[in-house]
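Asker: Below: one structure in structure tokens.
Numbering (the numbering used here), first residue to last: 248 to 660.
As structure tokens, this is what we get:
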């Protein structure tokens, strides 16, 4: 028998609708689970429906006018116990994701008890003794055994219910056919239910594992492709900046002592440092590349940018990354042109799904109420962020510097 998962699956549920159920009310929950678990939950659902197929008619038989059992109350109590056990069993399965060995053993013992109790109360003249509901419970137990075993040798777990069936039906076996032949006819479905479910689960589990392997291969290829594109983008940018500057200096086309050339070299160096920080903190993204370019351009304007980024998401939409990077570039441009300072701080972080980028300077600041609507911060920063589904806030006062804060997505109120 396959051991149950090590952790309680209720603690792993991604949605409240999946807690305490087999997960079929919440497709997102099932989609979030490993393929092997989805197979087990699917098989468990089939086994539950199979049990309902005999329990519901058995409950309805209590209302029949014809007496089928010597004690209607006794049969009702046994049915109540069967219903209680099956509800408990599948609640257990919903919590754990699969049948624990202990649950299977209890189910075998319960079925044996039901066969003795129900068959002993059956009236021979009713003609239901051979096919009473405990015989159907035996079929359900056989299917459960077939579902949980991992090796054919463990089909030996089918034997205890067969032995109890022989004991319970000792008085009616052999009335129509030789005893062994009649026994073989009665347990035929029981054995085949176990075999069929055994192969169904193994087949589905094998296909699920294969699909998982293919998905992992595709993910690895896609990850490598994205990484290669990022490397090529870095190479092109380095070619157009650092290498171009160094080549021009080496060929004598630029005077390395000239102020403009020194600023260009400083911008190239800032870009390289940003790439190094990015590689140290995680995978390249459109936002991190854009921020690195914005820092390099600002350095070329003579601005010293203290840049730090942490935990930026790799799946940020491309248009959002572009919008935030361009808004940062505009904010840094304004620092260089209007703050009266040569230093700025740029930070970028993602917390609880919200990406926040801040540009701060300690310059002269300004009065927000006295700025015209066409001013760059309002049109190129706030407007750009709103178009991307985010927002921006400008905190400033005369003499207190400026803090430009970009957020995506918009925080809930």
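For every residue, glycine included, the Cβ atom is placed at its ideal position computed from N, Cα and C.
Could you tell me whether any Cβ in chain B is nearer than 7 Å to the Cβ of residue 412?
Answerer: Looking for chain B here will not work: only one protein chain is present.
Asker: Can you list, in chain order, the stretches of the alpha helix (DSSP H) that have 4 or more residues and sit fully within the stretch 603–658?
Answerer: Listed in chain order, the complete alpha helix (DSSP H) runs (minimum 4 residues) inside the stretch 603–658 are 630–634.
Asker: Rounded to a whole number of angstroms, what is the C-alpha to C-alpha distance between residue 537 and residue 498?
Answerer: Answer to the nearest angstrom: the Cα atoms are 30 Å apart.
Asker: Give the secondary structure of residue 668 by DSSP, where H, G and I count as helix, E and B as strand, and everything else as coil.
Answerer: Residue 668 is absent from the structure shown; the chain starts at 248 and stops at 660.
Asker: Going by DSSP in three states, residue 397 sits in which element: helix, strand or coil?
Answerer: If DSSP states are grouped into helix, strand and coil, residue 397 belongs with coil.
Asker: If we call anything under 7 Å between Cβ atoms a contact, is residue 355 one with residue 346?
Answerer: The answer is no: Cβ separation not under 7 Å.
Asker: Measure the C-alpha to C-alpha separation of residue 456 and residue 344 and round it to an integer number of angstroms.
Answerer: The straight-line gap from Cα to Cα measures roughly 17 Å.
Asker: CB residue 546 to CB residue 513, shorter than 7 Å?
Answerer: Cβ atoms of residue 546 and residue 513: closer than 7 Å.
Asker: Helix, strand or coil: which one does DSSP assign to residue 592?
Answerer: Strand, per DSSP.
Asker: Give me the Cβ distance between residue 644 and residue 612, rounded to the nearest whole Å; I'm assuming they're in contact under 8 Å.
Answerer: About 5 Å separates the two Cβ atoms, so the contact holds.
Asker: Identify, in the order they occur along the chain, each residue of the same chain with its Cβ nearer than 8 Å to the Cβ of residue 306, setting aside the five sequence neighbours on each side.
Answerer: For residue 306, where only same-chain residues beyond five positions count, the Cβ hits under 8 Å are 326, 330.
Asker: With burial defined as no fewer than 16 other Cβ atoms inside 10 Å of the residue's Cβ, what is the status of residue 648: buried or exposed?
Answerer: So residue 648 counts as buried.
Asker: Using the Cα positions of residue 654 and residue 490, report the straight-line distance between them to the nearest angstrom.
Answerer: Near 35 Å, if we compare the C-alpha coordinates of residue 490 and residue 654.
Asker: Quick one: grab the DSSP three-state call for residue 557.
Answerer: Reduced to three states, the DSSP call for residue 557 is strand.
Asker: Are the beta-carbon atoms belonging to residue 518 and residue 539 less than 7 Å from one another?
Answerer: Taking 7 Å as the Cβ cut-off, residue 518 and residue 539 qualify as a contacting pair.
Asker: Suppose contacts are defined by Cβ-Cβ distances below 7 Å. Is residue 405 in contact with residue 441 by that definition?
Answerer: Cβ distance < 7 Å, so residue 405 and residue 441 count as in contact.
Asker: Rounded to whole angstroms, what is the Cα-Cα separation between residue 408 and residue 385?
Answerer: Looking at the two C-alpha atoms, the distance is approximately 7 Å.
Asker: For the alpha helix (DSSP H) that residue 290 lies in, which residues bound it at each end?
Answerer: Where residue 290 is concerned, the enclosing alpha helix (DSSP H) stretches over 282–308.
Asker: Tell me the rounded alpha-carbon separation between residue 637 and residue 657.
Answerer: Their Cα atoms are separated by approximately 5 Å.
Asker: Quick check on this structure: which residue in 298, 563, 308, 605 has the alpha carbon closest to the alpha carbon of residue 579?
Answerer: Considering only alpha carbons, the answer is 605.
Asker: Rounded to whole angstroms, what is the Cα-Cα separation between residue 555 and residue 395?
Answerer: For residue 555 and residue 395, the distance between alpha carbons rounds to 53 Å.
Asker: Measure the Cβ-Cβ separation of residue 352 and residue 412 and say whether it is below 7 Å.
Answerer: Result no, Cβ atoms of residue 352 and residue 412 do not sit closer than 7 Å.
Asker: According to DSSP, residue 551 sits in a beta bridge with which residue or residues?
Answerer: 590, per the DSSP bridge assignment.
Asker: Could you check if residue 335 is buried or exposed, using at least 16 other CB atoms within 10 Å of its CB as the buried criterion?
Answerer: It counts as exposed.
Asker: Taking only runs that begin and end inside the stretch 412–489, name each unbroken alpha helix (DSSP H) of 4 or more residues, in chain order.
Answerer: Fully enclosed alpha helix (DSSP H) runs of 4 or longer: 426–485.
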